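Residue numbers (the numbering used here), protein chains in the order written: chain A, 19 to 202; chain B, 32 to 1035; chain C, 8 to 113. Each residue gets a CB set at the ideal place from its N, CA and C atoms; glycine is no exception. These numbers were taken from a predicted model, which means no experiment stands behind them. Here's the structure, in structure tokens; my notes come after.
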Amino acid sequence: MIEVRKHESKEILIKEFEGVGMITLRGNFSNKSFQKALTESCKLGVPKPLSIKSNKDLSLAWMSPDELLLIIHTDGKTEKIKKELGFSLEGMHSLVLDVSGSRKIFMIEGTLWRELLAKGSPVDLRKKSFTKGSFLRTRIGQVSVAFWMVSNNSVYVICGRSYSSFFYEWLCNAAVDGSLRKFF
Amino acid sequence: MSARISKGGRLLDPSKRLSFSFNGRNLFGFQGDTLASALLANDQVLIGRSFKYHRPRGIVSSGVEEPNALMSLGHGANFEPNRSATTIELLDGLEVISQNHLGSLEWDFGFINNFFAKIFPAGFYYKTFMQPRIAWKHLFEPIIRNAAGLGRAPSLPDEASYEHFYAHVDVLVVGAGLAGLLTTYELGKSGLNVLLVEQKHFLGGHALSGDFEVNGTPIAAWIEKTKQELANLENVQIKKNFTLVGIHDHRYLIGYENLEVAERLGQSAIRHRLWRLRTKKIVLATGAIERPLIFAGNDIPGVMLSSAALEFYKLYGISPGDRTVVVTNNDLAYLAAINLHDAGLSVPLIIDVRDSSNGDLPNLSLSKGIRIEFGKGISSVLGKKRVSGIEMCSLKGEGSVQETIPCDSVAVSGGWSSTLHLWSHCGGKLIWDYKLNTFLPNSSKAPTDENGENFIFVVGSAAGSFCPSQIPQNIKETVSTLLNDFQGVKQKTTKILIREIRYGDCDSTFVTPEGAGEKLKTKCFIDFQNDVKLSDLRLATQEGYESVEHLKRYTTLGMATDQGKLSNINGLKYLANLVGKEIEHVGTTTFRPPYTPISLGSIAGEARKGLFKPVRKTPLHFWHEANGAVWEPVGDWKRPYAYPKSNETIEQAVAREVTSTRHSLGILDASTLGKIIVSGPDAGDFLDLLYTNVMSNLKIGRCRYGLMCNENGFLFDDGVVARLSEESFLCHTTTGGAERVHSWMEEWHQTEWWGKKVFIQNVTEQYTQITLAGPKSRLLLEKLGGSNISSENFKPLDFLEGKLAEIEARIFRVSFSGELSFEIAIPSQNGVEFWQRCFEVGSKFDIIPYGTEALHVMRAEKGFIMIGDETDGTVIPQDLNLGWAVSKKKKDFIGKRAQERIFMADPCRKTLVGLSLQNSSDKIPDGAAVIIGGGGKRSNEVIGHVTSTYFSPTLNKPIAMALLKGGEKLRGKSIEIPMEFDKALKATVVDPKFYDVEGSRQND
Amino acid sequence: MLRFICPICNLPADETELTPGGEAHIQRKGPGSSDSEFYEYLFERKNPLGIHFERWLHSYGCGKWFHAARCTKTMEVFGTYKAQEVKPPRHIIDNIKKKRPNWKNE
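As structure tokens, this is what we get:
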């Protein structure tokens, strides 16, 4: 995971990363063998809709009823995990793709991160609605994104690689000093 | 004169003096003032001119209903026209200019006096500017355009920042008057998440001008106390300067937060914030707006609403005049009389159109010795730019003057209209209340949400509770109903006691005197901003405009910036009289969002300049930027169009890029091409349904050019499909088509052929795709090393997965340029490294980067089609001589049935041909119409159009492709392309393959 | 601005996160169909003022198509259901009939 750039305002710290290992996993979630393969290779079960499961090395996010996104927090392990998954899913109707180059990941830190995202996203970001473990795919401004909480004061946002420089500009603009007022 | 006095002024901070300028004059006000109160404090009674007649106008109200006090603020990039002075919080250094006058505000050359006004009646424009037609363009339109609009448009781009904000709340309470505060308090105690919004810069609404007590605490102190208590509740938020401007379907609301003051004080980076809210329930505590009474001269500066007179005094310490006559049809207006009297100002007379009133307020006035005349009215207001007196008459009768009373201010009240615009936005209906003389929400025709349930509740004077003492009970009941929809939330009622005041019945009179003749009626204004008078409404109904919607448009009643907040109800009442109906049968015009004007900046939000529209960049973008690329937008992408050198024009650069690629080696960033993986046991079958040709029999390691049609049979995308493995295909799409084709595949898979076992994954962004084209491309790849791409081993349309320069790569032998060419897909992260390696190694092969235009020129030289150029949504593959790529064997594919329709096989369909210009210095315009040529009188029949046109540096002549009726049959024939001034270009129909027809170069 | 609960991921999705797909439950007509059948399939669409069955795509979310039963006059939503239902399911029809007793499913 390489920090590409960062932007700091009074209330918000934005960091952009690339090289984060990501694997797209397609398959039939209700299939016992699929579940078993997943538990064996990732030590994580299938997450519920709109949620993400994490352990020390990996996060597993629910993208759609037949798609998961595996995020590999430890550098250099992607290829190995992909091979393991491919091996354990052999013979099952499934698809494992390394998509590490497809997206960029942003970390937004600061107590007002909800207010920042609320400038562009129509989803309910209240503390009672969007919690640790929630994983939402939505839009921010005109960019398709997904996000989940890292801690009470920080959130990860992913977007398509080609949109990342536009999105970075969007985030920096939204983080301008004097534009964030506590709401949530 | 109007002036600041030492009493009243609940909102003022007299220790903070603010200076501002009005038409260049330096004036002073205090912190807490609105611009309107500050102008009145400086005796600025004349503040603007009306739209049509340029009549002198004064401040009529103290709120958003104000029709007259429109101002231009600021200068340069901060200039803003048409702002209402009653809604602007005064700020130190504010620059204000009045509007709509030719010459000065005092001496306006545009003024149209009463005599000339008669020749500008309702519908004047419709009737006058009809004939002769030529005069419209050269005479009428320029004059009207010059007169149109109020303030000047800003001349510089706005430099302020705006933004949107999305929020979800349980309950939104609109309006922080007594009812809004009490509701919020009650809901807040129950634990719900509540947002209270108030359009003004203070809490309390009309109640703050009152003198009653709540639970023994004077109202102003109670408001302050309640504000503190609400601030301590974590589940409650209060926003001032926040107007809820629209209620839309499915409980979607638009709010407008005005942060101008905070912005100018350096406390906010944002000027206006547009809120996009979703709530479960909404409580409207929007209060009521006072209506004027109508009498001759009611537009003369110095005539204002009684509520405005009261509020200016109570909140801002303003005396509206030294001598104020009050004229009313209800008890509430007496509050103004009593307060002004108590302030030591003269109230010579209260004219009450009613026969009597036994309310507490009239009795209190009498006990204070204020003279009241019942059953009277105003015949005329005297004065021109300012009130100098009134003429009293009997209400019944035609207005013969009984007494002339000198005064410099008139406080008027024609009753109160509950503010129900928001109730109506989403379909709520209104019902006329004859006792209260106002429309009230019709609870049996309430607006409904997505569950078909009522979601808007109305409390306080908006619901007809005009007496404060009624409000606590009203709220207790409403909150109890509202909470039914929140499971497990308990109501916690606080006991609220407000002493009852007895009101006399109000009266439906709205015009004085009742028998006013035409002479008076032409001076009786209903809509102050647009100069609509009683006589105009009479004329309109006489001419047949009896429907309220027609009347509005014909007379412009209620079409001004205030949207008829003062004038609508009076207009409807008068219309009802004229057509002999009750007001409830006349109906209202439709209330539409926004409730008050909002800035265009707030609607745009942050989407301006660089953030207007997303720009997609490939991993190599920065390299192109550093190497002087000029850009072409393709969808959201930015692609290099060409790389002109410092001494080159763009055309020269394109020609150089084409020539160099054809002679040695060109490199192109093709990363934007769509790449979609289709994988699963049924992948081949599935693709057979989507492409016109067969994909299932493609061999592993091979590529095939494929076409996609829609169900109409029309071609919409093309690209190369590669078979990666038994179950896995990689489908390339056009740059603009990646998302479209991906969702097209998903749609068919999810909604028609969900039984097919395939997974579809868009991997466009995963790869940097690079095209190496030209006779030396193979040499370069060999030099990079790692894969066997020799001509024996790696044939056209082969593909392999291997390594190049130690980097994992997929290599496709495909050509869109007609040269020996390889497309290489590298994981995005490694793209830059690979691209740079190509340049390092390629320098000995004269490698140059080429852009999209060179790509297009080369494909046109080869007669290859381009989606969007040769196709326009009505073209089938057969039209483009691509019938070979449409399977005849397959039982079904998308578009097959459509292509069986007879007109798809019509020999008259336009088909693709090449055009060779007879004069090589000519340029064919893109999209030009083509006609059959041939001396003498030209045939005007258009036989088709030009789809692509370029100058070919390879052939050193212009080339073009066209879709022509008859197509191939015209080969060798001469056609013409008509140009301006009766000229025409002559061309010959040729084969669209202009260069290397046999394809020996790409197959080398 | 409409909002539908996506039946796939259960998220109340804002209209700006969705893509409309027109009338639901249209049966595809391919090769072998008559000209009039095919014409109907391609072009004939209902446009009722009242209850309508529609297709929506949760494009900014889970990427799945779904169906919605909605009143085009009042915007009332009677339910959303999977795109693979070839006709409105029982519980949707029941809900409509409960709220609109005079409605006939044509």
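- Apart from sequence neighbours up to five positions away, the residues of its chain that approach residue 69/B with a beta-carbon distance below 6 Å are 60, 121, ordered along the chain.
- Per the Cβ contact rule, the region 314 to 329 of chain B is not in contact with the region 75 to 87 of chain B (fewer than 3 Cβ pairs under 8 Å).
- Of the candidates 729/B, 301/B, 741/B, the residue whose Cα lies closest to the Cα of residue 906/B is 741/B.
- For residue 111/A, the nearest CB of chain B lies under 7 Å from its own CB, placing it at the interface with that chain.
- Against chain B, a Cβ distance below 7 Å from residue 53/A picks out nothing, because the smallest value is about 18 Å.
- Residue pairing of residue 918/B in beta bridges, as defined by DSSP: absent, with no partner found.
- Taking 8 Å as the upper bound for CB-CB distance, residue 796/B and residue 180/A are in contact here, some 6 Å apart.
- For residue 370/B, there is no enclosing beta strand (DSSP E); the residue is found in the alpha helix (DSSP H) stretching over 365 to 373.
- Taking 8 Å as the Cβ-Cβ cut-off, the region 919 to 930 of chain B approaches chain C at 922, 923, 927, 928, 929, given in chain order.
- Here residue 1019/B is near residue 1005/B, since their CB atoms are less than 7 Å apart.
- Exclusion of the five residues before and after residue 804/B leaves 692, 697, 848, 850, 852 as the residues of its chain whose Cβ lies within less than 6 Å of its Cβ.
- In the DSSP assignment, residue 327/B forms a beta bridge with 411/B.
- Per DSSP, reduced to three states, the secondary structure at residue 574/B is coil, with no helix or strand assignment.
- Residues of the region 705 to 735 of chain B with a C-beta less than 8 Å from any C-beta of chain A: 708, 710, 711, 712, listed in chain order.
- Along the region 151 to 174 of chain A, going in chain order, the ones with a CB nearer than 9 Å to a CB of chain C are 154, 155, 156, 157, 162, 163.
- Residue 627/B and residue 274/B do touch by the CB rule: their CB atoms are close to 5 Å apart, below 8 Å.
- A distance below 7 Å separates the beta carbons of residue 322/B and residue 446/B.
- Excluding sequence positions up to five before and after residue 213/B, its CB lies within less than 7 Å of the CB of 502, 503, 506, 527, all in the same chain and listed in chain order.
- For the pair residue 143/A and residue 27/C, the Cα-to-Cα distance works out to about 25 Å.
- Scanning chain A for C-beta atoms nearer than 8 Å to the C-beta of residue 316/B yields nothing, as the closest lies near 21 Å away.
- The shortest C-alpha to C-alpha distance from residue 539/B to any of 588/B, 608/B, 481/B is the one to 608/B.
- Looking at the backbone, the Cα of residue 889/B and that of residue 689/B are separated by about 7 Å.
- Residue-level contact by beta carbon holds for residue 90/C and chain B, with a gap shorter than 7 Å.
- DSSP places residue 806/B outside both helix and strand once states are collapsed to three, so it counts as coil.
- Secondary structure note for residue 268/B: its beta strand (DSSP E) is the uninterrupted segment 267 to 270.
- In this structure, the beta-carbon distance from residue 187/A to residue 124/A does not fall below 7 Å.
- Separation of the CB atoms of residue 715/B and residue 764/B is rounded to 18 Å, and the pair is thereby denied contact status at 8 Å.
- Note: residue 321/B is bridge-paired with 447/B in the DSSP secondary-structure output.
- Under the rule that a run must span 3 or more residues, the beta strand (DSSP E) segments found entirely inside the region 220 to 258 of chain B read 225 to 228.
- Counting every other CB atom within 10 Å of its CB across the protein chains shown gives residue 90/C a total of 16 or more, marking it as buried.
- Residue 474/B carries a helical assignment under DSSP once its states are collapsed to helix, strand and coil.
- With a cutoff of 7 Å on beta-carbon distance, residue 196/B and residue 137/A are scored as near each other.
- Annotated three-state conformation of residue 173/B is helix, per DSSP.
- In this structure, the alpha-carbon of residue 164/A lies about 23 Å from that of residue 112/A.
- Membership of residue 164/A in the beta strand (DSSP E) is indicated by the continuous run 161 to 169.
- Against chain C, the CB of residue 310/B has no partner CB under 7 Å away; the residue lies outside that interface.
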